[in-house]
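Q:
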């Protein structure tokens, strides 16, 4: 095996482990932290597969914005969600649904991979649209999200009367 294959296998193992940990941990905040690690690991896989544009988007959108949005949602909810009594985890029904979904995905990948052709994608148009035309709007959206996180921190802090 060459070094890239070993790195891919290691990143895949980390991705599977963090995805399982996100499902199995008992506290919601820990679930979101494991999801954040999964998103960063997925961006590393994109960089390894020589897709840096997707890797940067994965880091910015999912590892950054979605993780902050999930934490923001937890911060503005009840205080009970941070305690031990508000446990999460996986039950029998979600586990069965996940198993059935996994079986269907494996079956469909086997069916479609036989005659699949890969087409090259040029991300130039997407990057020009995002960073040239709509760049100021994305910056404004980031500043608004930063203000929302600051407001959420103010709202949920202890001792606020």
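In our numbering, the protein residues as written are 6 to 166. Note that beta-carbon positions come from the ideal geometry of N, C-alpha and C, so glycine has one too. Because the structure is a prediction, the values reported are computed rather than measured.
1. Which residues in the same chain as residue 16 place their Cβ atom closer than 7 Å to its Cβ, once the five residues preceding and following it in sequence are excluded?
2. Beta-carbon within less than 7 Å of residue 143's beta-carbon, same chain only, minus the 5 sequence neighbours each way: which residues are those?
3. Using the three-state DSSP reduction, which class does residue 10 fall into: helix, strand or coil?
4. What would DSSP say about residue 24, mapped onto helix, strand or coil?
5. So, do the region 63–70 and the region 24–37 have three or more beta carbon pairs nearer to each other than 8 Å?
6. Could you spell out the range, first to last residue, of the alpha helix (DSSP H) harbouring residue 57?
7. Between the alpha carbons of residue 101 and residue 112, how many angstroms are there, rounded?
8. Applying the 10 Å Cβ sphere with the 16-neighbour rule, what's the burial state of residue 43?
9. Judging by CA-CA distance, which residue of 73, 132, 31 is the nearest neighbour of residue 61?
10. Suppose the cutoff is 7 Å on Cβ atoms and the five residues either side in sequence are ignored; what does the same chain contact list for residue 81 look like?
11. Report yes if the CB atom of residue 76 is closer than 7 Å to the CB atom of residue 37, and no otherwise.
12. In whole angstroms, what separates the C-alpha of residue 91 from that of residue 30?
13. I need the straight-line Cα distance from residue 150 to residue 78, nearest angstrom please.
A: Well, looking at it:
1. Counting only residues of its own chain and dropping the five nearest sequence neighbours on each side, residue 16 has a CB closer than 7 Å to the CB of 46, 49, 50, 53.
2. 135.
3. Three-state result, residue 10: helix.
4. DSSP places residue 24 in helix when its eight states are reduced to three.
5. Fewer than three pairs of CB atoms, one per stretch, sit closer than 8 Å, so the region 63–70 makes no contact with the region 24–37.
6. Taken as a continuous stretch (DSSP letters only), the alpha helix (DSSP H) holding residue 57 covers 57–62.
7. Rounded to whole angstroms, residue 101 to residue 112 spans 17 Å at the Cα level.
8. Counting other Cβ atoms within 10 Å of its Cβ, residue 43 reaches 16 or more and is therefore classed as buried.
9. Nearest of 73, 132, 31 to residue 61, Cα basis: 132.
10. Its chain contains 157, 160, 161 as the residues whose beta carbon lies nearer than 7 Å to that of residue 81, once the 5 sequence neighbours on both sides are disregarded; these appear in chain order.
11. In this structure, the beta-carbon distance from residue 76 to residue 37 falls below 7 Å.
12. Interpretation of residue 91 is limited by its pLDDT of 49, a score under 50 that renders its predicted location unreliable; no figure is taken from the coordinates.
13. Across the structure, residue 150 and residue 78 are spaced so that their CA atoms are roughly 12 Å apart.
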